[in-house]
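In our numbering, the protein residues as written are 1 to 312. What follows is a single structure, written as structure tokens, with notes after it.
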């Protein structure tokens, strides 16, 4: 079984490395447009196999989509990273063209692939890939929810001084400042988080989660890569191993949550066919309103993509 990661930058290389170390596929192909970068990073990773004890072969290629033939899953990380002062929306003009081209090349060589989008602005890049791929939306989806809940859970683990392994959380909406963390669906060892932490501290953690990506951009001068790469790799694992994990994933809604033709973060069952099912959880009035606001923000940027006339 083969998995391809397109983009050998920080996120893509981290994702490829995580997949290889899981030892769940025969081959990982790492593709980039810069000569020698994917080849060099792949060689470096392969030389860790005797140390970390895995058998997955890692192959780096420069713009050679033939090498990606018959990939089971393709992770697309291509595009410009965020810079300080830049919003995800600022990236759309450049990254839409990149994601469209990459997706078309991928589908040409792997028509049955499941496609995971990591490129920003993520919700809209999922929509872009879906339009380019011309396949069922259950096979084109985005990574953001796992990353956002990981940040949320990490912050909670620090505040509560407990293991992050015991924290389960859910959030909905767009990947960015309008995401909707749901404290009612957050538990620690099965205990509702609201019984373990005061309101003000929980609110502060939620607000920090919403700007979690921006916090890292300010610190490092570029986007995060360890957690995004690991999040995408976890999705790959759920698909190739048919784990049917319940994850928050950026999916195309067609009636779910009362919304249509919009990519938004929602809980799904993720398995061998991609999105096996979208799960609709009950929301109270305030949560529904926050989700509607998030959807409005995402739809605005989707409209920008439509106005670019890339798919006419």
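Note that CB positions come from ideal geometry on N, CA and C, so glycine has one too. Nothing here was measured: the structure is a model prediction, and the numbers come from that model.
For residue i: DSSP bridge partner residues
i	result
residue 251	264
residue 140	115
residue 270	245 and 275
residue 181	171
residue 191	188
residue 2	27
C-beta atoms of residue i and residue j nearer than 8 Å
i	j	result
residue 244	residue 280	no
residue 44	residue 38	no
residue 187	residue 168	yes
residue 66	residue 113	no
residue 210	residue 235	no
residue 237	residue 22	yes
residue 251	residue 269	no
residue 15	residue 77	yes
residue 379	residue 80	The first residue shown for the chain is 1 and the last is 312, placing residue 379 beyond what the model contains.
residue 110	residue 74	yes
residue 20	residue 56	yes
residue 264	residue 173	yes
Burial state of residue i (16 or more Cβ within 10 Å)
i	result
residue 149	buried
residue 151	buried
residue 311	exposed
residue 274	buried
residue 93	exposed
residue 120	buried
residue 287	buried
residue 123	buried
residue 226	exposed
For residue j and residue i, believed in contact at Cβ under 8 Å, the rounded distance
i	j	result
residue 117	residue 126	5 Å
residue 145	residue 249	5 Å
residue 224	residue 214	That belief does not hold up - the Cβ atoms of residue 224 and residue 214 are roughly 10 Å apart, past 8 Å.
residue 157	residue 163	7 Å
residue 171	residue 182	6 Å
residue 25	residue 3	5 Å
Legend entry - Length-filtered (3 minimum) beta strand (DSSP E) runs lying within the region 64-138: 73-76 and 114-117
Inset, instruction - Please list the segments of the beta strand (DSSP E) lying wholly inside the region 26-68, counting only runs of 3 or more residues, in order along the chain. - result: 27-32 and 57-62
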